[in-house]
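Residue numbers (the UniProt record's numbering): 1 to 590. For each residue, glycine too, the CB sits at the ideal point set by N, CA and C.
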Amino acid sequence: MRIWRSVVGKLWMTILLLVSFVLFILTILLLEFFQDYHVHEVEESLTFEAEKIARILEDHSDIDLSLQIVSELVDVPVYALVMLEDKRTFSSSTSSDDQQTIRQMIQNNAELSSVIERQTTIKQEIPIGEDRSSNRYDNVIIIGAPVNLTDGTAGSVFVYQSLEAIEQTIQQTTRLIILAAGIAIILTTIFAFFLSTRITAPLRKMREGAFEVARGKFDTKVPILTQDEIGELATAFNQMGHQLKHHLDALSQEKEQLSSILSSMADGVITFNRDGTILISNPPAERFLQYWYQEINSSKIEALPPRFQELLLIVMETDEEQIGEVMIHGRTFVTIVSPLYSGNMVRGAVAVIRDMTEERRLDILRKDFIANVSHELRTPISMLQGYSEAIVDEIPQTEEEKKEIAQIIYDESLRMGRLVNELLDLARMEAGHITLNKEAMGVLPFMERIINKFQVVSKEKDLSLSVNTALSRDDQWTFDPDRIEQVVTNLLDNALRHTLDGGTIEVFMNITSKGLIVEIMDSGIGIPKEDLSFIFERFYKADKARTRGRAGTGLGLAIVKNLIEAHQGTIEVESNVNKGTTFRFYLPRS
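In structure tokens:
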């Protein structure tokens, strides 16, 4: 059944049906023509014979001689029957049955029996009954002509011939036409298959090439077998494949570029269709969605935050860009939602999501920094102003009062200078302008020298300050001694100020594969867990309880962290309220 659906089968059937239809019409026309032609020729011949016999009978007075001449002239398949008024008859047929049949047929036919009265030649094609034993005269053509003898006797001459010969001729012609038609159909089939093969062979090649292109092999080429329209089609197909490959490569490059741009963007990008379905998203946008999924409960099914959905709905309804902020998981995201157009219709929206958490935090830190600096400077400035006015107004009367006021002014000026210097040092560290002068130092002697500075203060507060280490006095490490001394001093100063009387402070030191590890552990008041992540920020103080003793500026730990990081090290803290705090820093090998 496959051939009937192919171009070869369709073309073959078309040509075959066309040739068969033409031959069928031609056969019918030829048979009709042959039948009419032969019948006409027989009629003309019989008319001539009838008139000739009538003239012979009329020209001779001897009727017997005339009939003898007629019998010599008439030959098979033509037969003659002469009927005179005096009932004399003559028939060239040797069969009396045939003669009787023809006579009865003429007598029963009103047209033929009126030949004498009409005195004209009459033509008739008369069928013989089908019940006869012989079908020799199934159809006969009879020509009747009047005869007027010289003796005044009237009669008629009937010349007749069977149509059997004509029918045999027609049958023979039909067989010849059918044979010719069969030969023509065979030749047509061969020609059709040859022609269709010539046409469909390149078409099959193009079909195979089209399937290859459909499978993604855009460099497929089909052979150009001819220079006709099919050859031009093959050329166009090859050019189409080349252009298609070129355009797809260009689209693929643009897609890769777009994907690379989206992936490398710090901002999240999400593309929506009109019903809110997400079409495209980049990694920052996926992190934004992940924050949302972590925040919502399992019972909720919102795919997007409510504020985000609200912005998206407004864009779809108003065709205008919308800007808003979304708070998720303690983070702040600024969202810009813009419409996407398809012609004049909005087909979706694109949202650009920027994580502004760090910027908001820096804004808060900046405000806090300004507030803290103002707060830290306001007290010494107020004291300097107040005591200066007291001196100007000559309020102190004795030398001791004057010295006391001058000492206060001096202490506050030192405090302001220390605050300014720490701010400058911290700014230089954060800008990366710090310079380290590293040298190999004995770790244990270096730490003992620093700890000895705090022994007097620790004894005053009845604190136990000790060193616990397995290091020998020969173990050395490379670092900037001034900077590391500043780190240890800050940490010990904090431990002394925040440890109650009778507490303990221990310093642990060790060298491992990780580097030099220094731990300063106290049994002080501790730091709340919610404050641990902020203690290395500038001016941060956990609570009022941690400011007892000598008031600090809140910059010490920020400076400590920057100094440790300048040495490529790390610092971490562990603390429990009312149980103590441990600061641990690591210094890697240089």
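Can you look up alanine 154 in the DSSP assignment and give me helix, strand or coil? The three-state secondary structure of alanine 154, taken from DSSP, is strand.
I'd like to know whether the C-beta atoms of methionine 447 and valine 467 end up nearer to each other than 9 angstroms. Contact flag set, yes.
Does DSSP classify aspartate 562 as helix, strand or coil? One detail in the question is off: residue 562 reads as asparagine in this sequence, not aspartate. Correct three-state label for asparagine 562: helix.
Taking just the CA atoms, how far does glutamate 111 sit from valine 82? Computed Cα separation, rounded: 17 angstroms.
When DSSP labels each residue in this structure, what does proline 481 get in the three-state scheme? Helix.
Tell me which residue opens and which closes the beta strand (DSSP E) that valine 352 is part of. In this chain, the beta strand (DSSP E) harbouring valine 352 covers 345-355.
Since aspartate 501 is in the beta strand (DSSP E), which residue starts that stretch and which ends it? Annotation: aspartate 501 is outside any beta strand (DSSP E) and is labelled neither H nor E by DSSP.
Use the C-beta contact count for leucine 587: other C-beta atoms within 10 angstroms, 16 or more gives buried, fewer gives exposed. Leucine 587 comes out buried.
In the DSSP assignment, what residue or residues form a beta bridge with glutamine 476? Paired residue(s): Gly442.
Neighbour-count burial assignment, methionine 509, 16 or more Cβ in a 10 Å radius: Counting Cβ neighbours within 10 Å, methionine 509 comes out buried, since at least 16 surround it.
For methionine 105: DSSP bridge partner residues: Partner(s): none; methionine 105 has no beta bridge.
Nearest-angstrom beta carbon gap, valine 222 and phenylalanine 237 [assumed within contact, 8 angstroms]: That belief holds up - the Cβ atoms of phenylalanine 237 and valine 222 are roughly 6 angstroms apart, short of 8 angstroms.
Taking just the CA atoms, how far does glutamate 232 sit from aspartate 219? For aspartate 219 and glutamate 232, the distance between alpha carbons rounds to 18 angstroms.
Where phenylalanine 333 falls: helix, strand or coil (DSSP): Strand at phenylalanine 333.
Would you mind sorting aspartate 363 into buried or exposed? The rule is 16 or more other CB atoms within 10 Å of its CB. Exposed: under 16 other Cβ atoms inside 10 Å.
Helix, strand or coil at leucine 279 [DSSP, three-state]: Strand, per DSSP.
Does DSSP classify residue 601 as helix, strand or coil? Limits of the chain in this structure are 1 at one end and 590 at the other, which puts residue 601 out of reach.
Beta-carbon within less than 8 angstroms of tyrosine 291's beta-carbon, same chain only, minus the 5 sequence neighbours each way: which residues are those? If we look at tyrosine 291 and ignore the five residues flanking it on each side, its Cβ neighbours are Ile328, His329 and Arg331.
Quick one: what's got a C-beta closer than 8 angstroms to threonine 169's C-beta in the same chain, skipping five residues either side? Around threonine 169: Phe34 and His38.
Please return the same chain residues whose Cβ sits closer than 7 angstroms to the Cβ of tryptophan 12, not counting the five positions on each side in sequence. Within the same chain, and ignoring the five residues on either side of tryptophan 12 in sequence, the residues whose Cβ sits closer than 7 angstroms to its Cβ are Thr189, Ala192, Phe193 and Ser196.
Beta-carbon proximity check, isoleucine 484 vs leucine 532, cutoff 9 angstroms: Not a contact, by the Cβ cut-off of 9 angstroms.
Residue interval of the beta strand (DSSP E) (run including asparagine 576): Boundaries of the beta strand (DSSP E) harbouring asparagine 576: 570-576, taken from the DSSP string.
Could you name the residues of the same chain whose beta carbon sits closer than 8 angstroms to that of glutamate 58, not counting the 5 residues immediately before and after it, in chain order? Take glutamate 58, set aside five residues on each side of it, and the residues of its chain with a beta-carbon closer than 8 angstroms to its own are Val147, Asn148, Leu149 and Thr150, in chain order.
Once DSSP output is grouped into helix, strand and coil, what is the label at glutamine 227? Correct three-state label for glutamine 227: coil.
Whole-number beta carbon distance between isoleucine 353 and glycine 268, since they are thought to touch under 8 angstroms: That pair is a contact at about 4 angstroms.
Which residue wins for smallest C-alpha separation from histidine 567, given the options Val573, Pro481 and Gly503? Among Val573, Pro481 and Gly503, the Cα nearest to that of histidine 567 belongs to Pro481.
Less than 8 angstroms between the CB atoms is what I'm expecting for leucine 279 and threonine 271, so what's the real figure, rounded? A Cβ-Cβ separation of about 4 angstroms places leucine 279 in contact with threonine 271 under the 8 angstroms criterion.
So does valine 560 have its beta carbon nearer than 8 angstroms to some heavy atom of the ligand NAP? Ligands in the displayed structure: none, and consequently the ligand NAP is not present.
Serine 146 (DSSP reduced to helix, strand or coil): According to the sequence shown, residue 146 is proline rather than serine. Three-state result, proline 146: strand.
Can you look up proline 305 in the DSSP assignment and give me helix, strand or coil? Coil, per DSSP.
Determine the contact status of aspartate 462 and glycine 526, defining contact as a CB-CB distance below 9 angstroms. No, they are not a contact pair.
What is the DSSP secondary structure of serine 91, reduced to helix, strand or coil? The three-state secondary structure of serine 91, taken from DSSP, is strand.
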